[in-house]
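According to full-length UniProt numbering, the sequence shown is numbered sequentially starting from 1. The beta carbon of each residue, even a glycine, is placed where N, CA and C say it ideally should be. As structure tokens, the structure follows; a few thoughts come after it.
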Amino acid sequence: MTGMTPDLGALQADLRRLAEIESPSGDREGIERVMDIVEGWARDLGAQVTHLSGGTRTFELGVDGAAPPLLVLTHADTVWPRGTLEQMPLRVDGERLYGPGTYDMKAGIVGLIHALRALELQWPRGGVRVLLSPDEETGSESSRAHIEAAARTSRAALVVEPPVADTHALKTGRKGTGTFTLTLTGIASHAGNKPEEGASAIGAGAEAVLALHALARPEAGTTVSVGLISGGSAVNVIPAHCTLHADLRVSTLAEAERVEAAVLAWRPKDPRVTVEVSGGLNRPPFEEGPATLVLYEQARGVAQTLGFELGRAVVGGGSDGNFTAPLTPTLDGLGAPGDGAHAAHEHVRLDRWPSHVQLLTELLRTF
Ligand SMILES: [Zn+2]
Numbered sequence: 001m002t003g004m005t006p007d008l009g010a011l012q013a014d015l016r017r018l019a020e021i022e023s024p025s026g027d028r029e030g031i032e033r034v035m036d037i038v039e040g041w042a043r044d045l046g047a048q049v050t051h052l053s054g055g056t057r058t059f060e061l062g063v064d065g066a067a068p069p070l071l072v073l074t075h076a077d078t079v080w081p082r083g084t085l086e087q088m089p090l091r092v093d094g095e096r097l098y099g100p101g102t103y104d105m106k107a108g109i110v111g112l113i114h115a116l117r118a119l120e121l122q123w124p125r126g127g128v129r130v131l132l133s134p135d136e137e138t139g140s141e142s143s144r145a146h147i148e149a150a151a152r153t154s155r156a157a158l159v160v161e162p163p164v165a166d167t168h169a170l171k172t173g174r175k176g177t178g179t180f181t182l183t184l185t186g187i188a189s190h191a192g193n194k195p196e197e198g199a200s201a202i203g204a205g206a207e208a209v210l211a212l213h214a215l216a217r218p219e220a221g222t223t224v225s226v227g228l229i230s231g232g233s234a235v236n237v238i239p240a241h242c243t244l245h246a247d248l249r250v251s252t253l254a255e256a257e258r259v260e261a262a263v264l265a266w267r268p269k270d271p272r273v274t275v276e277v278s279g280g281l282n283r284p285p286f287e288e289g290p291a292t293l294v295l296y297e298q299a300r301g302v303a304q305t306l307g308f309e310l311g312r313a314v315v316g317g318g319s320d321g322n323f324t325a326p327l328t329p330t331l332d333g334l335g336a337p338g339d340g341a342h343a344a345h346e347h348v349r350l351d352r353w354p355s356h357v358q359l360l361t362e363l364l365r366t367f
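Below you can see the structure in the form of structure tokens.
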């Protein structure tokens, strides 16, 4: 195997440049500042840059139409609001670099740039197309169509989200995620004088909670949880309104369709209470299929030559890999190792990071 060991000092310096800029989803200015730096790095490599609607950018390296390119997915947004750096400054403690947005996923972006530099302009057949999204953490509303369009014309998608927390394991599947909102409307009346004239939306809501939870099939990977509920106007009024919000996770599209059909068909016992359903699946499941496992086995072989054992796991959280997996072979978790995504102990493992950059370099060279 060729290639130099990545320079940990340079990796850290570039990570600090990105992580010192706060870029929560929706913060256009912060996100554009991060994107401008990444764009500068990409231009230094000769990238053709495109700014798409909604703020997504693509950087193409050696894309010549001779073959479909490799797609690499990245996102510039974080879950951390402005001001977080004051409470959680970037700091190194032993082998760990702590700070908001480091592990998820600014270190993934930096590792990718270093991997691309290490190719020394020898792009793989068909080239590399990097997509940088502004809104992954809030469901990719503006970037989804761009991601899907890119996936349709790429031969594989590599996602530089972090590996499974505190391991060397890649993500070879992710659950699909969705939310349902049920709005129940009954009839208000005096709880003491005319209870029979009322139709309780909260009573129907209680039935709905049990009905929704009964749709879970944990053995098949399906979970349903009503996480928010509100309703009623006063304690002595039969309540006319109740609203429920439920979180849905599924491992297969068939399960999503089963749950969706059951939610739409559900009716309260009291026919005077009406129900309106909105929402559904946001990210489809990224099912662990043979095409992904072929990529994983190749990656595992490369990791062995680099001296580490690459595991794999199917995880509950979604990523933009959920959008590409139905369209092109997808491998996720190729970012920087560490732990604490969306948590106060978010950090990158400095001792393990260079070998993952080397892994990505070799995959970009050989895929
Ligand atoms: Zn992420």
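What residues match up with residue i in a beta bridge as DSSP calls it?
i	result
F367	F367 pairs with nothing; no bridge assigned.
G276	For the sequence presented, residue 276 should be read as Glu rather than Gly. In the DSSP output, where bridge partners are listed per residue, E276 has T183.
S230	T243
S225	D247
L15	Per DSSP, none; premise fails for L15.
Y98	R91, H347
R217	T222
H190	V237
P75	The residue you asked about is not Pro; residue 75 is His in the sequence shown. Paired residues: S133.
L70	V128, A156
R283	T177
G338	V348
Return the CA-CA distance between residue i and residue j, expressed in angstroms with no decimal places.
i	j	result
D166	I109	19 Å
E346	N282	26 Å
D7	H75	23 Å
A66	T305	30 Å
G26	P134	8 Å
A188	D270	14 Å
F59	G340	29 Å
M35	S53	14 Å
G318	A303	25 Å
G289	D44	37 Å
L215	V209	10 Å
A236	Y98	According to the sequence provided, residue 236 is Asn. The question's Ala does not apply to it. Those two C-alpha atoms are separated by around 52 Å.
W123	L61	7 Å
A150	D64	15 Å
G333	G301	16 Å
R249	N193	44 Å
L70	A157	6 Å
E128	R365	Correcting the residue type first, residue 128 is Val in the shown sequence and not Glu. Rounded to whole angstroms, V128 to R365 spans 10 Å at the Cα level.
G338	G176	24 Å
H342	H114	25 Å
S200	A234	12 Å
M1	Q358	Residue confidence for M1 is low, a pLDDT of 44 falling below 50, so the modelled location carries little weight; the figure read from the coordinates is stated next. Roughly 10 Å separates the two Cα atoms.
V159	T330	8 Å
L112	E287	25 Å
G307	A299	12 Å
Could you spell out the range, first to last residue, of the alpha helix (DSSP H) harbouring residue i?
i	result
Y296	290 to 306
E60	Segment 57 to 61 is the beta strand (DSSP E) holding E60; no alpha helix (DSSP H) there.
L145	Residue identity differs from the one stated: residue 145 is Ala in this sequence, not Leu. Counting along the chain, the alpha helix (DSSP H) containing A145 begins and ends at 144 to 152.
L116	107 to 118
D44	28 to 44
V263	253 to 265
residue 410	Nothing in the structure corresponds to residue 410, since the chain is present only between 1 and 367.
Which one of the options has the shortest CA to CA distance from residue i?
i	options	result
A13	I37, L71, A191, A240	I37
R28	L327, D44, G55	G55
L212	G232, K175, V259, G186	V259
A291	A261, L327, A303	L327
V314	P163, V72, E60	P163
H245	A261, V277, L215	V277
L178	V263, G307, P354, R365	Here the sequence assigns Gly to residue 178, which means Leu is not the residue at that position. Measuring from the Cα of G178, the nearest candidate turns out to be V263.
S251	T102, A325, A115	A325
E257	L331, T222, I229	T222
L295	R249, A234, G173	G173
L360	D351, H342, I238, A336	A336
E297	L70, D93, A47, F367	F367
E219	L228, L350, D320, E255	E255
D320	A19, P100, V72	V72
G101	V348, T50, R152	V348
P89	E22, I113, T138	E22
L18	T5, T78, R144	T78
residue 387	A199, L184, A107	Only positions 1 to 367 of the chain appear in this structure, which leaves residue 387 out of reach.
G126	G227, A265, S154	S154
L116	G46, G139, E86	G46
Can you tell me where the beta strand (DSSP E) with residue i in it begins and where it stops?
i	result
V49	48 to 51
G173	170 to 174
R312	312 to 315
A331	Before going further, note that residue 331 is Leu rather than Ala in the sequence given. Note, L331: beta strand (DSSP E), 330 to 332.
- request: Go through the residues and name those whose CB comes closer than 5 Å to any heavy atom of ligand 1, in chain order.
  value: With 5 Å as the limit, the residues whose C-beta approaches a heavy atom of ligand 1 more closely than that are D104, M105, E161, in chain order.
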